[in-house]
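Using full-length UniProt numbering, you'd call the opening residue of the sequence shown number 12 and step up by one each time. These notes concern the structure reproduced below.
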Amino acid sequence: GGTIGVLGGGQLGRMLALAGRNIGYRFVTLDPTEDAPCGQVADEQIQASYDDVDAARRLAAVSDVITYEFENVDAHVTDILMKESYVPQGSKLLYTTQHRLREKKAIEAAGVPVAPYAEITSAEQLREAVERFGTPCVLKTATGGYDGKGQWVIRSLDEVNEAYETLSRAKTELVLEQFIHFDKELSVIAARSPRGEVKAFPAAENIHVHNILHLSIVPARISAEIQKEAEKLAMRIADSLGVIGLIAVELFLTKDGQLYVNELAPRPHNSGHYTMEACRTSQFEQHVRAICNLPLGSTELMSPVVMVNLLGEHVDPLLEQIDQPGFLEDEELGVSAKVHLYGKKEAKEKRKMGHINVLASDVEQALAWIERKGIWESK
Ligand code: ATP
Ligand code: MG
Ligand code: MG
12 GGTIGVLGGG QLGRMLALAG RNIGYRFVTL DPTEDAPCGQ VADEQIQASY DDVDAARRLA
72 AVSDVITYEF ENVDAHVTDI LMKESYVPQG SKLLYTTQHR LREKKAIEAA GVPVAPYAEI
132 TSAEQLREAV ERFGTPCVLK TATGGYDGKG QWVIRSLDEV NEAYETLSRA KTELVLEQFI
192 HFDKELSVIA ARSPRGEVKA FPAAENIHVH NILHLSIVPA RISAEIQKEA EKLAMRIADS
252 LGVIGLIAVE LFLTKDGQLY VNELAPRPHN SGHYTMEACR TSQFEQHVRA ICNLPLGSTE
312 LMSPVVMVNL LGEHVDPLLE QIDQPGFLED EELGVSAKVH LYGKKEAKEK RKMGHINVLA
372 SDVEQALAWI ERKGIWESK
């Protein structure tokens with residue numbers, strides 16, 4: 012037992028707290044918003060902004076262990092938390108994964124391939140790099156991007172100046188990446204504990220719509236060799252970076268079987284929500300086990316599964332169907348679906364409101380069920 016402090020009060024913190032309470036931990040969260048998803052289920056919420064030093068001190072004072080549910084934690088706050096409490100994940104992992112260039116260098120140092128990239132510091136240099144990589148290629152801000160924000164797919168040399176000017180406004184370094192014509196996008200979540208134990212969850216096949224995760228399909232529809240290879244790469248990254256807790260590894264798989272890492276997240280990941288019903292241990296419990304130096308749980312997959320995200324625009328159509336017979340179980344398809352909601356009040360468009368884990372005898376059945384529901388078609 013003990014108290015775990017969570018920086019950030021969103022759905023990742025909420026599911027972390029729900030899982031951690033089941034194995035005897037108390038939770039305190041720090042988040043600026045009233046009635047945050049994690050705050051609703053934690054023992055206590057400190058409502059303050061993330062750079063509020065006094066609030067960070069209060070969190071440190073009541074927590075035996077501190078973790079975070081997003082990667083843009085202020086370095087100054089991390090310092091305080093490390094001095095005044097225990098942050099097993101350390102500050103180096105955050106420092107690395109907060110910045111695409113540092114992250115790519117760390118992945119390469121682990122001996123794992125990334126797409127060819129270049130640091131960009133001027134429009135002239137961008138033009139030169141675009142000529143070298145060929146179009147399309149992707150310009151990204153080094154920090155702060157999510158859901159495809161802070162990115163520009165450059166399709167011709169004519170776009171160079173506008174792309175540079177637009178992304179430069181973010182006042183951060185820029186990175187140009189070669190466009191990978193991937194066959195599939197995958198992710199693997201690995202956990203590592205202070206005693207050096209490392210375990211990976213099965214690779215997920217991810218489908219994005221408008222740069223937001225829509226589906227995670229597990230087992231991924233790839234060969235067993237590539238599955239193993241992806242899981243091996245994630246574990247190698249976890250070891251090489253000295254990860255404590257979870258590391259989510261996003262990958263591109265090309266037609267000829269080449270894997271490239273796209274980016275990392277040092278925390279539970281949306282593409283790992285499928286583990287909640289489908290694996291013997293969920294990613295959230297695994298994170299708690301890892302940061303608390305408990306033996307890691309089994310990552311065995313118990314059933315094929317498709318996780319489908321519920322965004323704001325999906326919630327009303329879902330609630331209209333939820334009482335109808337057959338929503339949660341479809342005996343004909345052999346499907347059973349479990350709905351998770353995050354307790355967010357306002358169903359804004361694109362906002363992540365919940366997810367559904369659809370378990371079936373194979374992923375095609377689960378996908379057929381999702382398609383039949385028809386509530387995801389508006390996009
Ligand atoms: P997230 O919400 O996952 O944090 P993000 O804003 O950090 O997203 P990325 O994951 O880097 O952005 O990119 C978003 C999506 O854009 C990827 O999932 C992929 O579909 C596409 N993409 C990014 N980089 C490349 C690339 N080099 N080649 C091809 N597609 C890419
Ligand atoms: Mg990202
Ligand atoms: Mg991503």
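Note that the Cβ used here is the ideal one computed from N, Cα and C, for glycine as well.
Across the structure, G345 and I228 are spaced so that their CA atoms are roughly 17 Å apart. Between the C-alpha atoms of T292 and S96 there is a straight-line separation of about 27 Å. In this structure I333 is exposed. Its beta-carbon is surrounded by fewer than 16 other beta-carbon atoms within 10 angstroms. The stretch 17-31 makes contact with the stretch 49-56; the number of CB pairs closer than 8 Å reaches 3 or more. The C-beta distance from N368 to Y285 rounds to 6 Å, short enough to meet the 8 Å contact threshold. As the crow flies, the alpha-carbon of A71 is around 46 Å from that of G385.
In this structure, the alpha-carbon of N304 lies about 35 Å from that of K160. The DSSP-derived three-state label of C303 is coil. Taking non-hydrogen atoms of ligand 3 into account, the C-beta of N368 is found less than 7 Å away from none of them. Put simply, the backbone Cα of A301 is about 17 Å away from that of K103. Cα atoms of T78 and S167: separation of roughly 43 Å, rounded to the nearest angstrom. Between F144 and L105 the beta-carbon gap is near 29 Å, outside 8 Å, which marks them as no contact. At least 8 Å separates the beta-carbon of Q100 from that of I248. Y157 has its CB nearer than 7 Å to a heavy atom of ligand 2. Within the chosen limit of 7 Å, ligand 2 reaches the beta carbon of E274 through at least one heavy atom. Separation of G13 and V299 (C-alpha to C-alpha, rounded to the nearest whole angstrom) is 11 Å.
In this structure the stretch 273-280 does not touch the stretch 204-212; the number of beta carbon pairs closer than 8 Å is below three. Under the rule that a run must span 4 or more residues, the alpha helix (DSSP H) segments found entirely inside the stretch 149-233 read 171-179.
Linking K115 to F263 through their CA atoms gives a straight-line distance of about 14 Å.
Assignment of beta-bridge partners to D341 by DSSP yields V346. Approximately 26 Å separates the beta-carbon atoms of D267 and P315; this is outside 8 Å, ruling out the contact. V317 sits close to A377, with the two beta carbons spaced by under 8 Å. Remark: C-beta atoms of L185 and K239 do not approach each other more closely than 8 Å. Excluding its 5 nearest sequence neighbours in each direction, E130 has C-beta neighbours in its own chain below 7 Å: L112, E184 and V186, listed in chain order.
DSSP places L104 in the helix class (H, G or I) of the three-state scheme.
Secondary structure of R37 (DSSP, three-state): strand. Cβ contact annotation for V125 (same chain, cutoff 7 Å, sequence separation greater than five): K115, I118, E119, Y271 and V272, in chain order.
Taking C-alpha positions only, T132 is separated from T107 by approximately 20 Å. Within the same chain, Cβ atoms closer than 8 Å to the Cβ of L370 are found at E288, A289, S314, P315, V316, V346, S347, A348, K349 and A377, the five residues on either side in sequence being excluded. Annotated three-state conformation of E55 is strand, per DSSP. Residue pairing by DSSP puts T78 in a beta bridge opposite V17.
Under the three-state reduction of DSSP output, L352 falls in the strand class. Residue range A134 to F144 is occupied by the alpha helix (DSSP H) that includes A134. If you check the CB distance, V319 and I237 do not come in under 8 Å. The nearest non-hydrogen atom of ligand 1 is less than 7 Å from the C-beta of F193.
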